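Please read the structure below before turning to the comments.
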Amino acid sequence: MWLVRSSQTPAVSRADLELLALLATGMPAPRVARTLAVSDRTIRRRVRSICDAIGVGTTIEAVAWAARRRLI
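So for the sequence shown, this note's numbering puts the first residue at 6; every next one is plus one.
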């Protein structure tokens, strides 16, 4: 698994960025789960893990964080 990291950016995997990019399109989480062939619960867990890693509280904040850094 590849990680994206800079001196100011916590490590976020390419898979995590793909997930955030899909969510940024407005795609609902259940559809993202189907697209990625995983369960809804897996999506919820991954989003929570991403939020914890980057220090934000919500999915919207995580998407905005990635967009501000031009990661998605």
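Using N, Cα and C, we set each Cβ at its ideal position, and we do this for glycine too.
This structure is a prediction, so every number in the text was calculated from the model and none was measured.
Taking 6 Å as the limit between beta carbons, can you name the residues of its chain near residue i, skipping five residues before and five after?
i: leucine 41; result: none
i: valine 61; result: Ala67 and Trp70
Buried or exposed for residue i, please, with buried defined as at least 16 other CB atoms from any protein chain shown within 10 angstroms of its CB.
i: isoleucine 65; result: exposed
i: arginine 51; result: buried
i: alanine 71; result: buried
Could you tell me the distance, in whole angstroms, from the CA atom of residue i to the CA atom of residue j?
i: alanine 69; j: threonine 47; result: 21 Å
i: arginine 36; j: threonine 30; result: 11 Å
i: arginine 53; j: isoleucine 59; result: 10 Å
i: threonine 63; j: aspartate 57; result: 10 Å
Could you name the residues of the same chain whose beta carbon sits closer than 8 Å to that of residue i, not counting the 5 residues immediately before and after it, in chain order?
i: methionine 32; result: Thr40
i: arginine 49; result: Ala34
i: alanine 38; result: Ser44, Asp45, Thr47 and Ile48
Alpha helix (DSSP H) runs contained entirely in the stretch 17-75, provided each spans 4 or more residues: 19-29, 34-41, 45-59 and 64-73
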